[in-house]
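Residue numbers (UniProt numbering): 1 to 118.
To keep things clear, I will list the structure first and then write my remarks on it.
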């Protein structure tokens, strides 16, 4: 995918977020969690991360059933980790039904050492 296409694709993903992504974004936007800035549908290399906190080197992915045991997700996570990111994955159902528990896990990940991506 060419750079301009990736930006267009990310923009389209922002407009068509799932219910779970909307719920999580409500809690992550405007530096609402620990004062950390999150970007939604943020391009990273050949991928588009659901949510990325660049300053803390954290990516949060929200997955549905199509992602169970996905080798593509393993490659994606490996790529993101090779770029210095920590990756958290949550199921849509967990985000919708156990939002507080998901936010606690994200909070704990943000509280860990700050990662420099220079």
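We put the CB at the ideal spot given by N, CA and C, even for glycine.
Contact annotation: residue 44 and residue 52 have beta-carbon atoms nearer than 8 Å. Assigned with DSSP and collapsed to three states, residue 85 falls in coil, not helix or strand. Spatial neighbours of residue 18 in its own chain (CB-CB distance under 8 Å, excluding positions within 5 residues in sequence) are listed in chain order as 62, 64 and 92. Around the Cβ of residue 72, a 10 Å sphere holds fewer than 16 other Cβ atoms; the residue is exposed.
About 10 Å separates the beta carbons of residue 110 and residue 88, which is beyond the 8 Å limit, so they are not a contact pair.
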